[in-house]
Structure formats: structure tokens, C-alpha cells
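Residue numbers (this note's numbering), protein chains in the order written: chain A, 8 to 627; chain B, 8 to 627.
Protein chains: 2
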Amino acid sequence: MGVSGCGKSTIARELSKHLKVPFFDADSYHPQENIDKMSDGKPLNDEDRASWLEILSENLGQWEADQGAVLACSALKEKYRETLSKNVEKVHWVYLDGSYELIMNRINQRKGHYMSGRLLESQFQALEIPQYGIHVDIDQSPEEIVDQIMSNMEIKKSEFGVFGLGVMGSSISLNVADKGYELSVYNRAEGGEEHVVDEFLSANSEYKNIHGFTDLKAFISSLSRPRKMLIMIKAGPTVDLVLNQLFPLLEKGDIVIDGGNSHYMNTKKRFELAREFGIEFIGAGISGGEEGARKGPSIMPGGTRESYQHVSQILESIAARDDFGKTCCTYIGPGGSGHFIKMVHNGIEYVEMQLLAEIYALLSKQMNYEEIATLFKDWNDGPAYSYLLDITIRILEKKEGDGYLLDLILDKAGNKGTGSWSSKAAFDLGIPNTMMSSAVFARYISSFKETRVEMALEKGAGKNDSTLKIDLKSLEKAYNFGRLINHQQGFKLMESASKVYGWDLNFSEIARIWSNGCIIKSHLMNELHEEFKTKQDLFQMNTVLEVLNKDEKSVKDILSNALDQRLSMHCLTASYQYWIDMTSSRLSANLIQAQRDFFGAHTYQRIDAPESEYFHTNWL
Amino acid sequence: MGVSGCGKSTIARELSKHLKVPFFDADSYHPQENIDKMSDGKPLNDEDRASWLEILSENLGQWEADQGAVLACSALKEKYRETLSKNVEKVHWVYLDGSYELIMNRINQRKGHYMSGRLLESQFQALEIPQYGIHVDIDQSPEEIVDQIMSNMEIKKSEFGVFGLGVMGSSISLNVADKGYELSVYNRAEGGEEHVVDEFLSANSEYKNIHGFTDLKAFISSLSRPRKMLIMIKAGPTVDLVLNQLFPLLEKGDIVIDGGNSHYMNTKKRFELAREFGIEFIGAGISGGEEGARKGPSIMPGGTRESYQHVSQILESIAARDDFGKTCCTYIGPGGSGHFIKMVHNGIEYVEMQLLAEIYALLSKQMNYEEIATLFKDWNDGPAYSYLLDITIRILEKKEGDGYLLDLILDKAGNKGTGSWSSKAAFDLGIPNTMMSSAVFARYISSFKETRVEMALEKGAGKNDSTLKIDLKSLEKAYNFGRLINHQQGFKLMESASKVYGWDLNFSEIARIWSNGCIIKSHLMNELHEEFKTKQDLFQMNTVLEVLNKDEKSVKDILSNALDQRLSMHCLTASYQYWIDMTSSRLSANLIQAQRDFFGAHTYQRIDAPESEYFHTNWL
């Protein structure tokens with residue numbers, strides 16, 4: 008309520024979006040004679056208003072019976088308000104308070120309104136300011152006004168907020184809403200994202216517990232304290248922009264979770280920025296793609312244990328369940344640890360994919376896609392089960408017309424960076440992470456398609472090579488071998504980071520939350536969950552060691568096949584070479600040490616002296 | 008000259024170091040009766056001094072005839088000074104000027120001096136301040152005083168400065184001095200480096216054109232303008248500390264060269280810091296180890312072309328010479344380009360070393376060191392010549408007692424980071440730099456010696472395996488093949504950086520300055536110098552392509568040998584796989600694209616649609 012020109016319609020319309028109830032404009036219920044009178048510049052008298060108010064009053068009763076409504080109505084006098092409220096049980100009166108000068112000014116700037124400015128004076132004369140309800144100063148932005156009304160209405164605050172309604176943000180939001188939480192969602196309404204929130208709310212109008220915002224302050228004040236929000240935006244500098252905007256608006260103790268694929272070093276920095284504001288920051292890796300986010304992802308939150316306690320209930324409720332019904336979300340460790348292990352997760356994923364691509368390439372030499380799919384199904388029904396093997400079968404079977412879709416897909420692999428981050432982290436930590444690097448490089452090489460086509464030799468590289476007889480049992484063993492070394496290298500990378508950064512990671516728990524919800528879920532991951540309870544390392548696990556020992560020969564045979572077929576198996580080769588070297592007491596690095604000492608006086612250690620002693624030889 | 012206690016001896020001693028002439032103390036030439044008189048607290052009269060001054064005068068004549076000298080002598084009265092200078096052609100009088108109070112204070116703080124403080128007054132009474140010579144206020148540090156004297160003496164300024172007298176800095180300094188330049192060298196005199204400058208000067212006292220400094224300001228003011236100095240200190244944060252100390256002391260237009268192995272990104276930042284001070288900064292890669300630095304390194308300066316002009320003469324004079332007598336120093340490009348290509352140089356070096364280590368490991372199965380050395384000599388006499396092959400021969404031949412030194416060296420390879428930097432740069436640029444990564448990882452793996460010994464299997468890994476028959480011609484071809492791919496990958500990495508950073512690198516010139524003076528010098532580098540004049544890429548060079556094509560089979564055979572011997576040849580394998588993939592028009596990356604689209608909706612391109620179009624399939 009308030010005088011003409013105070014902004015009733017605008018504010019009421021916004022408010023209706025936040026409250027998820029319809030908006031009505033009292034002016035639409037005027038009889039025609041009233042409208043004519045006002046257009047002629049004549050003020051309405053109380054007689055004019057009587058029938059109008061009766062109509063509104065009846066409607067209000069009806070609206071309340073439905074789901075409630077927001078009505079914009081001047082309702083200047085107490086007796087009008089009495090009429091309006093007589094059929095309603097609960098009215099929230101909101102008085103929009105502005106001075107004559109302010110409103111006069113606004114009306115003069117407005118066009119096409121059917122009331123001329125000179126009637127304003129009579130409105131102010133008629134106005135009886137209510138002694139009750141919510142009074143809001145209109146000399147603020149509409150967002151601020153709505154914000155203030157919302158907080159004063161003592162509406163139930165949201166328990167959780169999601170910032171960013173991209174593919175992952177939307178899916179996670181619905182996942183949270185499914186669990187019954189009151190949820191606020193925010194997306195900016197600019198840069199081509201003008202309608203994101205509206206469209207999301209329309210498409211999911213059945214969720215009465217989702218409240219949409221395009222105004223950041225309103226979004227924030229819609230959250231109960233301490234506020235808990237999940238940022239789901241593209242990793243990179245945008246995250247810093249958003250946090251710099253957010254943190255000053257939040258309060259000490261509020262909890263902000265970055266759920267994107269941020270680099271762990273950036274997460275560490277942001278963690279410290281947040282601390283300056285007293286904000287609890289959590290860097291959470293989230294895996295599972297769109298489907299996982301919607302139905303239950305694997306979640307890897309890193310930060311302080313205290314801040315995790317505040318969000319554990321919600322995060323654990325939306326995560327996937329492991330084979331024993333436990334949630335695939337657990338506290339990982341301090342600082343950037345959550346994003347670090349998500350990065351390694353993706354690195355392991357790169358290798359799993361590359362191993363399958365290498366095997367597919369080899370098998371294609373003697374089998375068609377149907378046969379390969381059948382073989383893979385056989386594997387997938389056994390201990391080799393993995394989500395990635397599973398989708399590979401579906402991909403092999405996917406037809407387009409008479410042919411296979413796979414044959415029409417260009418062989419240039421893309422990447423989003425986490426593979427190369429894992430590889431670079433390995434170099435920083437001094438860990439021989441050969442398979443991830445090989446997988447990333449294999450993608451890079453594939454991207455030079457034009458050069459490859461120009462230089463193509465393809466000697467004897469035709470399909471259905473009759474001379475090739477791959478032993479399928481050996482191939483299955485080689486695949487298993489490669490996967491074991493892949494997981495060994497991935498977990499060793501995390502072990503090294505855990506030591507260097509003092510994270511105290513629990514590898515059994517990490518394997519457990521990766522046993523479902525995420526892209527690298529597999530039977531192997533379940534086994535590792537068990538084994539890591541007592542072992543720190545795959546090479547300490549007898550079952551793993553036995554297999555590696557026994558199947559080394561199969562890998563060698565498959566690699567020989569590949570050599571003969573002029574096929575590079577980057578990852579399988581790397582797994583074999585790593586195993587060979589790690590089981591060789593003597594390597595040829597002594598020559599490298601001698602060379603380094605020769606040309607650079609870098610010194611060397613000796614086998615017949617303590618390792619603490621360094622020697623230099625005058626070689627000439 | 009000056010009254011007792013003004014600091015004559017201290018200053019004169021310092022000055023003599025800077026001027027590289029002997030120091031004498033006039034007091035040492037007093038007859039005993041004078042000393043006794045002074046000890047008794049009695050002032051000397053002019054009669055006492057006459058014989059003393061005559062002795063000094065004769066000595067001064069002698070000293071001048073030799074090489075000059077610095078004499079500390081009170082020389083209070085004009086007539087004493089006349090006597091002193093009568094046998095000398097050129098005297099620089101330096102008057103140390105201090106108040107009675109200041110000097111009294113200092114004397115009271117001194118112990119063991121044979122003149123008591125109360126004689127000071129008589130000294131001041133006798134003092135006739137000279138109306139000529141250099142007058143210096145003694146209320147400054149000794150370094151400042153010497154600095155002021157040096158600048159006032161109009162001594163010839165140095166043309167070049169070297170900051171840091173480590174192994175490389177010392178060697179380069181002597182190299183510069185050999186070329187006849189007046190050279191100032193600086194090293195801090197703290198943190199265990201108290202005697203570095205003194206020792207360097209003593210050890211190289213035959214160089215009259217080297218001037219040593221431990222005071223930074225004195226070092227700086229010893230240089231002619233615009234000052235040109237080469238920083239030779241350990242790469243890392245120390246460089247920033249030094250530059251932050253240096254830049255404010257320098258003047259606009261002065262040129263600072265960082266000759267260490269700094270990371271190119273740091274060089275870029277420092278370049279911008281220098282610009283704020285108006286300093287011309289040059290990041291120069293320097294290769295060649297101690298010997299190269301002394302006799303002629305390969306120098307890779309990056310910065311502005313203008314600043315390079317100021318130092319080109321000196322840098323080019325100290326560099327190695329190529330086969331045509333041209334200097335192995337050339338302007339590389341802007342910003343961090345010099346340090347970038349030095350980093351890649353080192354990456355190539357890692358691979359060259361690793362290839363030799365792999366071949367050494369394989370050959371060791373059937374040959375002794377003498378035989379291997381003989382084989383390598385044969386290779387080295389032909390087109391396979393390289394410095395690294397050369398030193399490998401000498402290493403193989405080096406004996407200790409009855410055995411070979413190589414067998415006593417521990418097989419844990421160290422590294423100083425440039426290899427992993429190269430690898431990480433490749434990931435940043437999206438370049439499949441597989442061999443460098445493999446070489447670095449091979450070193451990392453070697454460092455896990457304890458695990459390797461614990462896990463050792465060494466199946467059939469004994470020496471002199473009679474079943475093995477390596478074809479030595481194939482091995483030579485494989486070695487050559489690996490080296491070609493190594494250089495291809497290295498130059499492609501530089502090409503990519505050149506494009507991304509806009510450096511406009513000249514690869515023919517880079518190959519030329521790497522053809523001598525540096526660790527990876529080889530006949531191949533000379534060939535590349537020629538070929539790069541018209542080609543951008545080794546794969547565009549017919550001679551290279553022919554060899555790769557022809558010798559692919561040999562590499563395959565050697566890799567089969569290695570598989571049979573349970574030996575990992577990381578780098579040779581990587582070279583083969585890169586070649587195979589780069590000559591394959593169709594790889595299995597289509598499966599990876601399908602997988603990515605399946606679980607992450609990352610989209611894919613198709614072979615039957617323009618590459619600008621991206622597709623998404625609903626796979627289920």
C-alpha cells in the first residue's frame with residue numbers, strides 16, 4: 008500500500024516471485040467509471056471506492072484459500088483497509104513510505120501512466136499511515152526494498168544457497184530440493200543470462216522449496232545464519248571476482264563452498280582470503296557429471312573440520328551411496344586437499360579412458376564394434392567392472408543409420424585442464440606419474456589431426472589384419488594390469504601431496520567415496536577401500552602384487568602385438584615400464600649422475616659410501 | 008694523510024685492494040727512538056721526523072717505479088709533504104678530515120694503539136690542511152670513504168661488472184678479463200662468503216684488469232655509464248632479493264643481465280619491475296658448465312633489442328665460436344625468451360642423456376664397458392657426434408682401481424628443475440613433449456632406490472645374456488632416430504612458445520649458437536642450423552623424414568629387444584610412439600570424445616561436418 012507512484016506494482020511483482028504466490032494489481036479491479044474519473048483528473052470519493060473495495064475483499068478471501076497472493080493497492084485510509092481485510096485471516100500490510108517531493112519527481116519522469124501528477128496532493132491528504140505492518144523507505148533500490156520486506160515478514164529462511172545455475176548448479180539444486188531443504192538459488196541476470204533464474208523456476212515449478220534470486224543481497228539475506236552456500240561457476244578468475252563481491256556482503260561464520268574444478272593452489276589462496284573476512288571456505292571437488300550432480304555425486308570437501316560440520320548434513324544427504332549405504336561424501340582435509348584429490352580423480356579418469364581407447368584401437372584391427380562390445384560386456388560383468396567401461400560398451404553399440412556413431416566422431420580429443428594439472432603437480436612433487444602424462448599427451452597428439460593426415464604412413468594399418476591374433480585373455484589381464492598401476496600412481500601422487508602439505512589423507516575413505524557417484528567408480532575402488540584400511544600403497548597389497556607379477560607377461564605380449572601393428576599404447580606401455588623399473592634394483596641412472604658430474608660438477612653418491620656423502624671426480 | 012686516529016691505515020689498506028697496489032704504513036718506518044718518544048707520551052719534533060721522512064721519500068720513489076703504492080702517513084705539515092713527494096712523479100694526496108671530538112672518541116674506543124689520546128691535541132695544532140688533493144669526511148663507513156676516494160681519483164671505470172663469484176660467475180669473470188675488458192667483480196662478504204672476493208683476487212692476481220668489491224655501492228660506482236652488469240647467482244627468490252636491492256641504486260639506462268637459470272615467467276616479471284626503474288633487464292641463458300663459462304659458453308640473451316646492443320660486444324666476445332668462426336651468442340627475443348630456450352636446451356639435454364643411459368643399459372647385457380666405449384667412439388666419429396656422447400665414452404673408460412668408476416656410482420639421478428619446467432611448459436602450451444617428461448620421470452623413478460631394491464624381481468636380468476643379440480647397426484639407427492624426435496619435440500615446444508608469446512624466434516640461429524659452447528652441441532645441431540634456414544620443423548626436412556621413415560623398423564626391433572630383456576627404454580619408446588601417432592591419420596581419440604560427451608556433455612566434432620560445429624548425443 009501507499010500513494011500512487013510509490014512503486015507498489017513493481018515491488019509487489021518482485022515480492023510475488025520471492026514468495027512464489029501470484030501478483031495482483033488492485034487498479035485492474037476498478038469499475039470503468041472510476042478509471043474515467045481519474046483520467047479526467049478528478050479524485051475518487053469514498054463512494055466511488057466502495058464497490059471496488061468489496062470486489063477486492065472477496066478476491067482476497069479466495070486468494071488466501073488458494074495459496075496466498077501479493078496485492079498492490081493504495082489502501083490509503085484505515086476504513087478501506089478494514090474492508091480489504093474482512094474476508095482474510097492473515098494479512099501482511101506493507102506500507103511504502105516516500106515523501107511528496109520524491110514521488111512527484113518520480114511521476115514526472117514516468118510516461119504513459121493514467122494519473123496526472125496533480126492528484127498526488129489529494130492522495131497525501133487522504134493518506135492515513137497505518138500504525139501496524141511493515142514500513143519501508145522507498146528511497147532504495149527495488150532489490151533492497153524487497154530484501155527488507157522479506158526479512159521483516161519473518162518468512163522461513165532458506166537452509167542452503169546455490170550460486171550459479173549452469174548444468175551442474177541446476178542439477179545439484181534439484182538434488183538439494185529433493186531432500187526437502189528450503190533452498191535459495193542465485194544466478195546473475197546479465198551477460199546473456201537474463202532469464203536463467205526465471206527459466207529454472209518455471210521448469211521446476213513443482214518445487215515449492217526453491218526460491219530464485221537475481222539480486223545478490225536478497226539472495227544472501229534469504230539464507231538462515233550461519234549462511235551456507237555452494238558456488239557452482241566456471242573455475243578460474245571468475246571465482247575470484249565472485250568471492251571478492253561476496254565476502255564483504257557475508258558475515259563472520261558464514262560458509263562458502265566452491266564446488267567447481269578450481270586449482271588446489273587457488274583454493275589455498277581463497278581459503279586465506281576468506282579467513283580475513285571470518286568466512287569459512289570449503290573447496291569441494293564434485294564428480295559425477297550432470298547425472299551424478301542430479302542423482303548423487305561423489306563429494307570431496309576440503310577446509311577446516313569445523314566448517315565442514317556445518318554443511319556435512321546437507322552435502323552428505325545429496326551425495327551418492329556406497330555399496331553399504333554410506334554416503335559418498337566425507338571430510339577430506341585442510342586447505343586445497345578436496346580440490347587436489349578431485350584433480351587426481353580426473354587424472355585417473357584420463358588414464359582409464361586412454362587405456363580403453365588403446366585397447367579399442369588394438370581390437371579394431373581384428374574385431375567389429377559388436378564383437379568388441381560383447382567382449383567388454385564379459386569383462387564388465389566380472390571384477391573389471393567400471394562406469395567408464397560400461398559407457399564404452401554403450402558407445403560402441405550406438406548406431407547412426409546403418410553405421411556406428413563412433414566412426415563419425417572426429418579423433419581430436421579435447422581437455423579441460425585437470426589432466427595437465429595432475430601431471431604438473433607430479434612434476435612439482437617429484438612423483439613419476441607417467442600414465443597421466445601419457446594420457447594427456449595422447450590427447451594433445453590427437454589434436455594435430457591435420458599434420459597427422461599429411462604425414463600419414465599407415466603401413467599395414469588396415470582393419471581386420473588377418474595376421475594379428477590377439478589373445479583376449481592376455482588383453483584382459485593387460486587392461487587390469489594397466490588399471491592397477493594407474494591407481495597406484497594416482498594414490499602415490501595423493502600420498503606425496505598429503506605428506507608435503509600435511510593433509511593426513513585417508514585413502515581408504517577416498518576410495519570409498521569414489522566407489523559410487525563419480526566417473527571412476529569401479530569394483531576395484533571397492534577393493535581399494537578395503538585394502539587401504541591396512542595398507543598405504545597398492546604395492547603393499549598382496550592381492551595386487553600377485554596379479555602384477557603374474558600378468559606382467561601378458562602385458563609384454565600385448566605390447567609386442569601393438570609394436571607389430573604400428574600402434575602406440577601410451578598408457579599401457581607406461582604402466583609396464585613403471586612396473587619394470589620399480590622392480591629393478593639397478594637402473595642406468597648411474598650414467599646420468601656421472602654425466603652431470605662431468606659437465607656440471609653436480610657430484611654423485613656411491614654404492615660403497617653412505618648416501619649422505621657426495622663425490623666429485625675430475626673426469627679428464 | 009691526517010691526524011693519528013683518523014683511520015689512515017684502514018682506509019689505505021682497503022684502497023690498496025681496489026687499486027691493486029701494495030699498502031705501506033709510514034709508522035713502520037719510524038726509527039726506534041721516535042716510537043719510544045711517542046710511547047712516553049711526548050710529541051715528536053721536526054728534527055725527530057727528518058730522517059723518517061727521508062726514508063719514506065726514497066721508498067716512495069722506488070714504489071712508484073714498481074707499480075705504485077698506497078702509503079698511510081700523517082703528513083701534517085706542508086714541508087713534510089714536500090719531502091715526501093720530492094722523489095715521486097705523481098702523488099694523489101688524500102686528506103681524511105675529522106673533528107677533534109670525533110677522533111678523540113674513536114681513539115678512546117680503540118685498544119692497543121701505541122699513541123695515547125692526549126697527544127691528539129698537538130696533532131691538530133701541527134696540522135696544516137692541504138689546499139689540494141682529495142678531502143674526505145671520515146664520518147662515513149670505510150666502504151663509503153673508499154668509494155668516494157676511488158671516484159675522485161678519476162681511476163679508469165670498469166666496462167663490465169659480474170655480480171656473484173660462484174663457479175659460473177668466477178669462470179665468466181676470467182673469460183671477460185681475458186678479452187681485455189676492465190672488469191669489476193662483486194660478491195657479498197657474509198653468510199660464509201667472507202673471503203670469496205679476496206680469494207678470487209689472490210688466485211687470479213695476474214689479472215690487473217679485475218677489480219674486486221664487497222661493497223655494493225662501490226661496485227656500482229666503479230662501472231662506467233651506462234653500467235653493464237651480469238648477475239651470476241642461484242636462480243630463485245634470491246634473484247628478487249638482489250634485484251630489489253640493486254635497482255634503486257642504479258640509474259636509468261643501466262643494464263642488468265641475469266645469467267642464471269631463472270624461470271622464464273620470473274624473468275618476464277623482473278623485466279617489468281626493471282622497467283619501473285628505467286633499468287634495461289636481460290634474461291640470458293648461459294650453457295656450457297664451468298668449462299664453457301671459462302672458455303666460451305653458448306649465450307641466449309632475451310630482452311629488448313636496444314638493451315642487447317649495449318652488451319652485445321662483450322657477450323659475443325666471451326661466447327664460443329661456431330664452425331664458421333661466428334660467435335655462439337645472438338639476440339633471442341623479448342621478455343623471458345632467452346631463459347625459455349635455455350630451459351628447453353636443458354630439456355633436450357635430459358633426453359640426450361636418458362637415451363644414452365637406455366642404450367648403455369641394453370648394451371651392458373652383452374658387452375663390457377670397454378666394448379661399449381669402442382662402439383660409442385665409432386658412432387662419435389661419424390654424424391652422431393655430440394658432446395654428451397663424447398663424455399659418455401670418457402665416463403665408460405674411467406677406472407677406479409681394477410674396476411670401473413661407473414659401477415660404483417649410485418643409480419639415483421638428481422635434477423635441478425629445468426627438465427620439469429620444460430615438461431610443465433609443454434602442458435601449459437598443449438604440446439606433446441613426451442620425451443622430456445619421460446626423461447624427467449625416469450630420474451624420479453630412479454630416486455626410489457629403496458623401494459626398487461625391496462621389490463626387485465630382476466627376472467633373467469643378469470649380465471651377458473647369451474640369448475640376446477642386439478643388432479648394433481639397428482641400435483645406432485635407433486639412437487639417431489630418438490635424437491631426431493627429441494630435437495623435433497624441443498624445437499616444436501619453442502615454436503609454440505614463440506607463437507603464443509610473440510617472440511618471433513629464429514630457429515636456425517638458435518641451432519647455430521647451440522652448435523658449440525653448450526652441453527647439447529653436436530653435428531646434428533650444425534645440420535639443423537642449415538635446415539632451419541628454410542624449414543620451420545624437422546618433419547619438413549626431407550633428410551630427417553627419410554631417416555625416420557627408413558629407421559622406424561630398427562627402433563621397433565630395439566624396443567622388442569628391450570621388452571624381451573625386461574628393460575624400460577622410456578625415451579626411445581616415447582620417440583617411437585610419437586612418430587607412429589604423428590604418421591597415423593586416424594587415432595582412437597574418437598572414443599575419448601564420445602566418453603567425454605557421454606558423461607560430461609562436453610560435445611564432439613564429426614568427420615562429416617565442419618570442425619566449427621560441435622555435437623552432443625543423448626547416449627542412453
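Where is the CB? At the ideal position from N, CA and C, for every residue including glycine. Everything numeric in this text was worked out from a predicted model, so none of it was measured.
* Asked: How is the alpha helix (DSSP H) around B/Lys499 delimited, first residue to last?
  -> 479-508
* Just by C-beta distance, which residues in the stretch 611-626 of chain B are closer than 8 angstroms to chain A? -> Tyr611, Gln612, Arg613, Ile614, Asp615, Glu618, Thr624, Trp626
* Listed by chain order, chain B residues near A/His577 by CB distance under 7 angstroms -> Gln584
* Asked: In the stretch 494-511 of chain B, which residues sit with their C-beta less than 9 angstroms from some C-beta in chain A, listed in chain order?
  -> none
* To do: List the residues of chain B whose Cβ lies closer than 8 angstroms to the Cβ of A/Met462, in chain order.
  => Phe546, Met589, Thr590
* Below 6 angstroms CB to CB, which residues in the same chain sit around B/Leu237 once its five sequence neighbours on both sides are set aside? => Val169, Ile264, Gly266
* Asked: Residues of chain A with CB under 7 angstroms from B/Asn597, in chain order?
  -> Leu413, Ile416, Leu417, Asp418
* Secondary structure, beta strand (DSSP E): runs of 3+ residues fully inside the stretch 114-173 of chain B -> 141-144, 167-170
* Opening and closing residue of the beta strand (DSSP E) in which A/Val358 lies -> Premise fails: A/Val358 lies in the alpha helix (DSSP H), 344-370, not in any beta strand (DSSP E).
* How many Å lie between A/Ala449 and A/His577 at the Cα? -> 7 angstroms
* Nearest-angstrom Cα separation, counted from B/Lys224 out to B/Asp146 -> 17 angstroms
* One or two residues paired with A/Gly292 in a DSSP bridge -> A/Met307
* How far does the alpha helix (DSSP H) with B/Ala79 in it reach, from first residue to last? -> Unbroken run through B/Ala79 is the beta strand (DSSP E), 77-79; no alpha helix (DSSP H).
* chain B contact for A/Phe606 (CB, 7 angstroms cutoff) -> yes
* To do: Pull up the distance between the alpha-carbon of B/Leu109 and that of B/Leu103, whole angstroms please.
  => 12 angstroms
* Asked: Cα-Cα, which of B/Thr17, B/His25, B/Ala608 is closest to A/Gly173?
  -> B/Ala608
* Per-residue burial, A/Ile136 [other beta carbons within 10 Å of its own, 16 or more giving buried] -> exposed
* To do: Drop a sphere of 10 angstroms on the beta-carbon of A/Ala616, count the other beta-carbons inside from all chains shown, and report buried for 16 or more, exposed for fewer.
  => exposed
* Asked: Name the chain A residues that come within less than 7 angstroms of B/Gly441, Cβ to Cβ?
  -> Residue identity differs from the one stated: residue 441 of chain B is Thr in this sequence, not Gly. Near B/Thr441 (Cβ distances below 7 angstroms), the residues of chain A are Phe448.
* Asked: Does any residue of chain B bring its CB to less than 7 angstroms from the CB of A/Gln602?
  -> yes
* Is B/His37 helix, strand or coil when you go by DSSP? -> coil
* What whole-angstrom Cβ distance do A/Gly509 and A/Ser582 have, given they're in contact under 8 angstroms? -> Incorrect: roughly 30 angstroms between the Cβ atoms, too far for contact.
* To do: Could you list which residues in chain A have their beta carbon closer than 9 angstroms to that of B/Thr399, in chain order?
  => Leu598, Ala601, Gln602, Phe605
* Asked: Should A/Arg312 be labelled buried (16 or more other beta-carbon atoms within 10 Å of its own) or exposed?
  -> exposed
* How should A/Ser35 be labelled, buried or exposed, when 16 other C-beta atoms within 10 angstroms of its C-beta is the threshold for buried? -> exposed
* Asked: Taking the alpha helix (DSSP H) that B/Gly68 falls in, what are its first and last residues?
  -> 53-73
* Asked: Is it right to say B/Arg277 is buried, meaning 16 or more other beta carbons lie within 10 angstroms of its own, or is it exposed?
  -> buried
* By DSSP, does A/Ala82 sit in helix, in strand, or in coil? -> coil
* **Closer than 7 angstroms to chain A by CB, B/Leu22** => no
* Apart from the five residues on each side of it in sequence, which residues of its chain come closer than 7 angstroms, Cβ to Cβ, to A/Ala368? -> Leu574
* **Minimum length 4: unbroken alpha helix (DSSP H) runs contained in the stretch 210-239 of chain A** => 223-228
* Asked: Under 7 angstroms between C-beta atoms, does A/Ala368 make it to chain B?
  -> yes
* Considering only residues of the stretch 505-575 of chain A, which uninterrupted beta strand (DSSP E) runs meet the minimum length of 3 residues and lie entirely inside it, listed in chain order? -> none
* Considering only C-alpha positions, which residue in the set B/Glu618, B/Arg603, B/Ser427, B/Asp330 is nearest to B/Asn523? -> B/Asp330
* Tell me whether A/Ile42 is buried or exposed, calling it buried when 16 or more other Cβ atoms sit within 10 Å of its Cβ. => exposed
* To do: Establish whether the CB of A/Arg195 and some CB of chain B are separated by less than 7 angstroms.
  => no
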